[in-house]
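For reference, the structure discussed in these notes is given below.
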């Protein structure tokens, strides 16, 4: 499997607070097709980051709940039950992996070039 495409440099500047003026000047010089392309890329990047942040929050919440459950299980059972503390971390890994794959799919939906943003003529 190949490495997913890196984020567009112009879109990355939108997330850098120090380069907003430079980005505004660059956007002013875009044609309508290029502006639509940039908007589609920017929306995809925002959705991707939103999904990633949601994944971090879901993982953190479920980790806390799973650790509380593991502590309860550990306190109520005899013998070696230390393995129960590995499960919350495995759950976090699965959640972060799933949300990461989902975010990569959403981020890859952006058009590859400004030509793809043009609409087909009506029949």
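Numbering (our numbering), first residue to last: 121 to 243. Backbone N, C-alpha and C fix where the C-beta goes; we use that ideal spot for every residue, glycine too. Since we're looking at a predicted model, the values are computed, not measured.
Residue range 140-148 is occupied by the alpha helix (DSSP H) that includes residue 144. With a beta-carbon spacing of about 6 angstroms, residue 175 and residue 216 fall inside the 8 angstroms limit used to define contacts. In this structure, the beta-carbon distance from residue 211 to residue 182 falls below 8 angstroms.
Here the stretch 216-225 lies against the stretch 161-178, with 3 or more beta-carbon pairs under 8 angstroms apart. Rounded to the nearest whole angstrom, the CA to CA distance from residue 160 to residue 184 is 36 angstroms. In the three-state DSSP reduction, residue 206 falls in the coil class, being neither helix nor strand. Close CB contacts of residue 140 within its chain, under the 7 angstroms cut and outside five residues either way in sequence, are absent. Around the CB of residue 219, 16 or more other CB atoms lie within 10 Å, so the residue is classed as buried.
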